[in-house]
Amino acid sequence: MTSNDTDNPNGSPKHEGPSNQHSDAGNSSDQGPETRSVTPTLAPTEDLPETPSSTNPSTLTDSNSPIVEDIKPSEARIIAESIANLFVEAVASRLSKLKSLEEHANEVARNDENKTNEGSDNSENEDKGDQGSNSPENEANHENADGNEKTDEQELKWTEDDAFVLEVEDFESIDDKSPSQIEWSRRKREENQQNEHLDRLMCMVGLEEVKAFFLSIMDKVKVLKLWDKNLSDWSFDLVLKGNCRTRRNRIAQLYAEFLYSIGIVRNRNFAINDGYSPSEQDSMATIVFFSDADRIDRKSEIEEIMKVAKKPEFRTVVILSYEVLSDSSKEALDVNEESRHRFSNHLVLEDYGEKETLEFMKHLCKSKPEYRFEADALLETLAKQIHKRHSGNQFQNADTLPQELEKVWQKSQIRVQDAWYSWAKTHSPGDGHEFSAEGGDRDKIILEDILETATAPEPAPEIEDFRVNSPAWKSLQQLVGLNSVKEDLGLLFDMAQYNKQQEKNGRKPLATTYNRCFLGNPGVGKTTVAELYAKMLSELGIVSGGHVVTKRASDLLGKYIGWSERNTTKALEEANGGVLIIDDAHLLYQEPSCSKSSDSFRNGIIDTLVANISGSASEDRCVILCGYADRMQNMFLKTNPGLQRRFPMENSLHFANYNDEELHQILKQKMERDDLTATDEAHDVARETLSRMRRRPNFGNGGDVETLLSRAKVHRITRLKDSTIGFADFHNQALEPQDFDPDFDRSRRADKHRNSLFQDFVGFDSVIGKFQRYQKMADGMRRCGVDPKLHIPWAFVFSGPPGTGKTSTARKVGRLFYDMGFISSADVVTCSVTNLIGQHLGTTGPKVIDQFERGLGKVLFIDEAYRLIGDSFHQDAVGEIVDTMTNPRYARNMVVILAGYGKEMETLLSTNPGLRSRFPTIIDFPHMSPEHCLQLLSNLLATFNIGIPKSIVQPGGAENTTVIRALTQLTATEGWASGRDIESLSKNIAEHVFAIVGESDDTYEPGTLQVSFEELMDALRAMLNQKGGTWSRSMEEENYPEYAGRQQRFGKVLPPRYV
1 MTSNDTDNPN
11 GSPKHEGPSN
21 QHSDAGNSSD
31 QGPETRSVTP
41 TLAPTEDLPE
51 TPSSTNPSTL
61 TDSNSPIVED
71 IKPSEARIIA
81 ESIANLFVEA
91 VASRLSKLKS
101 LEEHANEVAR
111 NDENKTNEGS
121 DNSENEDKGD
131 QGSNSPENEA
141 NHENADGNEK
151 TDEQELKWTE
161 DDAFVLEVED
171 FESIDDKSPS
181 QIEWSRRKRE
191 ENQQNEHLDR
201 LMCMVGLEEV
211 KAFFLSIMDK
221 VKVLKLWDKN
231 LSDWSFDLVL
241 KGNCRTRRNR
251 IAQLYAEFLY
261 SIGIVRNRNF
271 AINDGYSPSE
281 QDSMATIVFF
291 SDADRIDRKS
301 EIEEIMKVAK
311 KPEFRTVVIL
321 SYEVLSDSSK
331 EALDVNEESR
341 HRFSNHLVLE
351 DYGEKETLEF
361 MKHLCKSKPE
371 YRFEADALLE
381 TLAKQIHKRH
391 SGNQFQNADT
401 LPQELEKVWQ
411 KSQIRVQDAW
421 YSWAKTHSPG
431 DGHEFSAEGG
441 DRDKIILEDI
451 LETATAPEPA
461 PEIEDFRVNS
471 PAWKSLQQLV
481 GLNSVKEDLG
491 LLFDMAQYNK
501 QQEKNGRKPL
511 ATTYNRCFLG
521 NPGVGKTTVA
531 ELYAKMLSEL
541 GIVSGGHVVT
551 KRASDLLGKY
561 IGWSERNTTK
571 ALEEANGGVL
581 IIDDAHLLYQ
591 EPSCSKSSDS
601 FRNGIIDTLV
611 ANISGSASED
621 RCVILCGYAD
631 RMQNMFLKTN
641 PGLQRRFPME
651 NSLHFANYND
661 EELHQILKQK
671 MERDDLTATD
681 EAHDVARETL
691 SRMRRRPNFG
701 NGGDVETLLS
711 RAKVHRITRL
721 KDSTIGFADF
731 HNQALEPQDF
741 DPDFDRSRRA
751 DKHRNSLFQD
761 FVGFDSVIGK
771 FQRYQKMADG
781 MRRCGVDPKL
791 HIPWAFVFSG
801 PPGTGKTSTA
811 RKVGRLFYDM
821 GFISSADVVT
831 CSVTNLIGQH
841 LGTTGPKVID
851 QFERGLGKVL
861 FIDEAYRLIG
871 DSFHQDAVGE
881 IVDTMTNPRY
891 ARNMVVILAG
901 YGKEMETLLS
911 TNPGLRSRFP
921 TIIDFPHMSP
931 EHCLQLLSNL
941 LATFNIGIPK
951 SIVQPGGAEN
961 TTVIRALTQL
971 TATEGWASGR
981 DIESLSKNIA
991 EHVFAIVGES
1001 DDTYEPGTLQ
1011 VSFEELMDAL
1021 RAMLNQKGGT
1031 WSRSMEEENY
1041 PEYAGRQQRF
1051 GKVLPPRYV
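Here UniProt numbering is used: the first residue of the sequence shown is 1, the next is one more, and so on.
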């Protein structure tokens, strides 16, 4: 505790308390010899303000003051207390200043005395030392004198840069007060605590953590002394970390002086060591400062330092100053329990930001009256410019601020001088006109002076000039397509123009973030535009360097825990002053599954990005995330929420897929690059080929254009390898249509293909006719300049009983649409309902999407689709199909066919109204007629080289009529599968015939085998019995009575008939 009693004018505590004042630390009568210093002589009392006499009331009043007797007792008491408090504060302030002056005078006197005695003999000095050894006070004075003598040169090294300390008489005059500064001011005012080193620290801008630490040390010493604890048991060693070496040295010096002032060390014998091991001088020092501690990265070196610091004679405090504090240095500090205790105090000196820069400049302007600005906002603008100019390496050295301000002021003086000279040439003295500088005040700094400082970069040209002369902007305009991207980047220039006008009018520029997400499919130019974006930011002065650092997501992933974070931090540091592009950024998130939890390695990368990216306009670095739109949005939703704030999705640049014409333009650019030519027909074929390729699931846009051109080059070599063209003329040969698409004339042969596709189909005239009309309609629309893709059906329902050819027809539709040029492949992807239904809640939708991805650019055939009628999982599948059918990625880029039985399919379509609208085209597949069944049977047996007699095949004959009646009876059975059962019947007949041939010794020529009428009827009767039907014998008795009596069943060996 301290006392403000006027009976104790020295301001000393009445008893020994915590040493929280400079005078207490040096003058306490209870301190030992090691902690005492010379007691300063107080100034004469007449220098103090006179105390008003209590016996002369007139001294408190004047003629205009109220009469003392009129003052109420309560008011008188308040006035008296106020006067007393003012007097005590004035006395304390005056004493503090007098003590500081006294100490400075004593120190100067001691230095002069030391210089006078430099030539004295060493033995004489030893005798003098022996004579004064019995006096503890003389011993302390001798030690302090020696300490001052030894550390004069070292002190100069510590204090060669005072730019970080504001030159103010009283730190309380600083406008921007920190919590620690307010607390220290309170202690000085209410507790009369004094410490010049704390005053100097409080005059430094920022460093709130350091100020709070100094106050905590003072409080710790106060408590320890109050409880009479041994200070040697407590750690006062310090580990400093910061980018600016000068500032670390300044804090270290203040800390050393501060520890001496509060009695932690016995004298000012300070040592500075720029090596990695203690020196001989360090063993005698009370404080050792290792100014380049980054070299100390071994445990043995820390142990050696601790041996020197740990000695019984007196305390030695160690201060370690690091710029990086690497992992090896951290391990060295953790060598044992004692090192962990001694080096537990860590202070990180953060780099100065715009706020601290502005605060520095405000105080510099106060100290220089000539530094007057036209508007307060101009000083803030200058602070932003200075900070941004130095932010590539972080603004660290405050010593540059006076230079910057001086250059601005000099510019203003030159401007005014030039303006006066121009005015003076057109005026004469006494003409009644006065000179007026620009802005109305010749003594003030205006915006022109700020924008034209000598150290500033060349001012950016007007935006219109930039767009005309910028190579980056010209390169962007030469890119094919990307109209929305070009428009968005044009807004960047508009923003720069607006901010420049804001600065000219003394207003704050509009702050915005330049971090962006580039969203789009592969090959749409994301990386190319990102590099141009970096150059634009550099030319506009938004980033200082303009270099580009490109990383893939896989480059940031580490093999071990912590490596991903390290790789990410390193990439961000490399991109300081430029742009960091993270390609395939969607790979930074992996959807967790039942067997796989969230990926901590990928999460570590995202967390590191969030921690190191502020998103502020002053950040001298831009980060671009490139990836697929849907997966990037999913990543933003399910990872660190801070990622969305650093990369606002509404500011993202969306790269759309190229259309057919843009793809063709890219192809022509690449051909021009390779000095290639093509015929007009070849260009048309290439455009059609690219149009089909666009419908593939993983179309690569510009990348697939390059693939198509490479394939065309190979096909040209194959086409011309047997020609007589010489090597010199080979490259001049134009690309032909077949080089881009070997089957380029498929549309001309569509009718032929269609007929060949359905040549084995019997009774499909109506179905074939529909697809024939689609082909003819597409040809007619193309001739009239109408896009047929908008009018041709892309979704079908194949409805009909089993065996009517639904699946077989679906397999042919792929070829039909491929020949029409609507899809990129003739393949048909077949899936069942089982492939669409998930096993757990929420898994059905992704399975449906997977099947649609497989069928993209092809035909997706969902067989037995009526099985989608069921529980909630099946309803989810139907709903997902409805939604997916309208997705632009799939709509008119694939053919979807639902197949099933008539009644069941009608029930399915009625379960969801949207399903019927998505599948408006229903193709019915009725049962095959008996005549078509006989024709199909004849075709299928022909594949086995087995014929049917003409008497059976030709209509109107008795055998034909009997077989048709038998087939009519068979098709009426329940579960009749038409073509599928006819196929089974043909196999049964072929099995019977070849069994007889195998048991016979006769030789049979190919094409000579026939199935007899009796064998055919036996086969029909056997299938009818198998299906549970009843065989009608009336037709046998009416036409063939001899056959009616036979009891031989089909399947027994009968002699074959011959042609």
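We put the beta carbon where it would ideally sit given N, CA and C, even for glycine.
P1006 versus S938: straight-line alpha-carbon distance, rounded:
Locating residue 1006 in the sequence shown gives position 1006, where the first residue counts as 1. Locating residue 938 in the sequence shown gives position 938, where the first residue counts as 1. Their Cα atoms are separated by approximately 16 Å.
Suppose contacts are defined by Cβ-Cβ distances below 8 Å. Is R342 in contact with S235 by that definition?
Locating residue 342 in the sequence shown gives position 342, counting from the first residue. Locating residue 235 in the sequence shown gives position 235, counting from the first residue. Result yes, Cβ atoms of R342 and S235 sit closer than 8 Å.
Taking the runs of the beta strand (DSSP E) that are 3 residues or longer, which of them lie wholly in the region 494 to 561?
516 to 520, 548 to 552
To the nearest angstrom, how far is it from the Cα of P949 to the Cα of E974?
Position 949 of the sequence shown holds residue 949. Position 974 of the sequence shown holds residue 974. Using only the alpha carbons, I get a separation of about 29 Å.
Can you name the start and end residues of the alpha helix (DSSP H) that G703 belongs to?
Taking the first residue of the sequence shown as 1, we reach residue 703 at position 703. The continuous alpha helix (DSSP H) containing G703 extends over residues 702 to 720.
Starting from the C-beta of R918, find all residues in its chain whose C-beta is less than 7 Å away, skip the five residues before and the five after it, and write them out in chain order.
In the sequence shown, residue 918 corresponds to position 918, counting from 1. Result list for R918: A795, V882, M885, in chain order.
Inter-residue Cα distance where the pair is F214 and Y255:
Locating residue 214 in the sequence shown gives position 214, counting from the first residue. Locating residue 255 in the sequence shown gives position 255, counting from the first residue. Approximately 8 Å between the Cα atoms of the pair.
Return yes when the Cβ of I613 is within less than 8 Å of the Cβ of A530, no when it is not.
One-based indexing of the sequence shown puts residue 530 at position 530. One-based indexing of the sequence shown puts residue 613 at position 613. Not closer than 8 Å, so no.
Coil, strand or helix - H586 by DSSP
By one-based count along the sequence shown, residue 586 stands at place 586. H586: helix per DSSP, three-state reduction.
Alpha carbon to alpha carbon, what distance is there between A734 and L720?
If you number the sequence shown from 1, residue 720 lands on position 720. If you number the sequence shown from 1, residue 734 lands on position 734. Take the alpha-carbon of L720 and the one of A734: they are about 11 Å apart.
Residue from D876, M820, D871 whose Cα sits closest to the Cα of H845
Here the question's residue 845 lines up with position 845 in the sequence shown. One point to set straight first is that residue 845 is Gly, not His, in the sequence displayed. A check of alpha carbon separations from G845 across D876, M820, D871 identifies D876 as the nearest.
Would you identify the three-state DSSP class for Q1010, choosing helix, strand or coil?
Counting from 1 along the sequence shown, the entry for residue 1010 is found at position 1010. In this structure, Q1010 counts as strand in the three-state DSSP scheme.
Compute the distance between the beta-carbons of T807 and A899, then report whether it is under 8 Å.
Residue 807 sits at position 807 when you count from the first residue of the sequence shown. Residue 899 sits at position 899 when you count from the first residue of the sequence shown. Their beta carbons are under 8 Å apart, which means T807 touches A899 by this criterion.
C-alpha gap between F314 and V265, whole angstroms
One-based indexing of the sequence shown puts residue 314 at position 314. One-based indexing of the sequence shown puts residue 265 at position 265. Linking F314 to V265 through their CA atoms gives a straight-line distance of about 8 Å.
Quick check for students: name the residue ranges of the alpha helix (DSSP H) that lie wholly in the region 850 to 926, counting only runs of 4 or more.
As for any alpha helix (DSSP H) of minimum length 4 sitting wholly inside the region 850 to 926, the runs are 872 to 885, 902 to 911, 913 to 918, ordered along the chain.
According to DSSP, is G627 part of a helix, a strand, or is it coil?
Taking the first residue of the sequence shown as 1, we reach residue 627 at position 627. G627 falls in the strand class under three-state DSSP.
Here's a check: name, in chain order, each residue in its chain whose Cβ is nearer than 6 Å to the Cβ of M781, leaving out the five neighbours to either side.
For the purposes of this step, residue 781 is taken as the residue at position 781 of the sequence shown. Answer for M781: P788, listed in chain order.
Return the chain-ordered list of same chain residues with a C-beta closer than 7 Å to the C-beta of G857, the five sequence neighbours on each side being excluded.
Here residue 857 refers to the residue found at position 857 when the sequence shown is read from its first residue. R695, R696, P697, I823, S824, S825, N893, M894.
Exposed or buried, what is M218 when buried is set at 16 or more other beta-carbons lying within 10 Å of its beta-carbon?
Translated into the one-based positions of the sequence shown, residue 218 becomes position 218. The residue is buried, with at least 16 neighbouring Cβ atoms inside 10 Å.
Distance between K330 and F289 (C-alpha atoms, nearest Å):
Along the sequence shown, read from residue 1 onward, the residue named residue 289 stands at position 289. Along the sequence shown, read from residue 1 onward, the residue named residue 330 stands at position 330. Distance between the alpha carbons of F289 and K330: 18 Å.
If I measure Cβ to Cβ from S135 and keep anything under 6 Å in the same chain, skipping five residues before and after, which residues do I get?
As a position in the sequence shown, residue 135 is number 135, starting the count at 1. Residue placement at S135 cannot be trusted, given a pLDDT of 39 that sits under 50; the coordinates are not used to answer.
Reduced DSSP category for T973 - H, G, I as helix; E, B as strand; rest coil
On the sequence shown, position 973 is the one that residue 973 refers to. Residue state, collapsed to three classes: coil.
Would you call the region 660 to 667 and the region 614 to 632 in contact, with 3 or more CB pairs under 8 Å?
No contact exists between the region 660 to 667 and the region 614 to 632.
Quickly, what does DSSP pair C831 with across the bridge? List them, please.
As a first step, residue 831 must be located in the sequence shown, where it is residue number 831. In DSSP, C831 forms a bridge with I862.
Between the region 636 to 655 and the region 678 to 694, can you find at least three pairs of beta-carbon atoms closer than 8 Å?
Contact fails: fewer than three Cβ-Cβ distances are below 8 Å.
Range of the contiguous beta strand (DSSP E) that encloses V265
Sequence index remark: in the sequence shown, residue 265 carries index 265 (1-based). Element bounds for V265: n/a, residue is neither H nor E.
How is the alpha helix (DSSP H) around Y774 delimited, first residue to last?
Position 774 of the sequence shown, counted from the start, is the residue given in the question as residue 774. Unbroken alpha helix (DSSP H) run through Y774: 765 to 783.
Buried/exposed call for H840, threshold 16 Cβ in 10 Å:
Counted from its first residue, the sequence shown places residue 840 at position 840. It is exposed - the Cβ of H840 has fewer than 16 other Cβ atoms within 10 Å.
Apart from the five residues on each side of it in sequence, which residues of its chain come closer than 8 Å, Cβ to Cβ, to I869?
In the sequence shown, residue 869 corresponds to position 869, counting from 1. Correct list, in chain order: E904, T907, L908, T911.
Rounded C-beta distance between S538 and G546? I'm assuming under 8 Å.
As a position in the sequence shown, residue 538 is number 538, starting the count at 1. As a position in the sequence shown, residue 546 is number 546, starting the count at 1. The Cβ separation is near 3 Å, so the contact holds.
Minimum C-alpha distance to P920 - residue among I792, A571, K570, G615:
Here residue 920 refers to the residue found at position 920 when the sequence shown is read from its first residue. Checking every option, the nearest Cα to that of P920 belongs to I792.
Quick one: grab the DSSP three-state call for N698.
Translated into the one-based positions of the sequence shown, residue 698 becomes position 698. Of the three classes helix, strand and coil, the one that applies to N698 here is coil, per DSSP.
Bridge-paired residues (DSSP) for F373:
For the purposes of this step, residue 373 is identified with residue 373 of the sequence shown, where counting begins at 1. DSSP lists I445 as the bridge partner or partners of F373.
What would DSSP say about V324, mapped onto helix, strand or coil?
Within the sequence shown, numbered from 1, the residue matching residue 324 stands at position 324. Under the three-state reduction of DSSP, V324 is assigned to coil, being neither helix nor strand.
Which residues does DSSP pair with C244 in a beta bridge?
On the sequence shown, residue 244 is found 244 positions in, with the first residue counted as 1. Answer is none; C244 lacks a bridge partner.
With N345 and D418 assumed to form a contact (beta carbons below 8 Å), what rounded beta-carbon distance in angstroms separates them?
Translated into positions along the sequence shown, residue 345 becomes position 345. Translated into positions along the sequence shown, residue 418 becomes position 418. Not a contact, Cβ separation roughly 56 Å.
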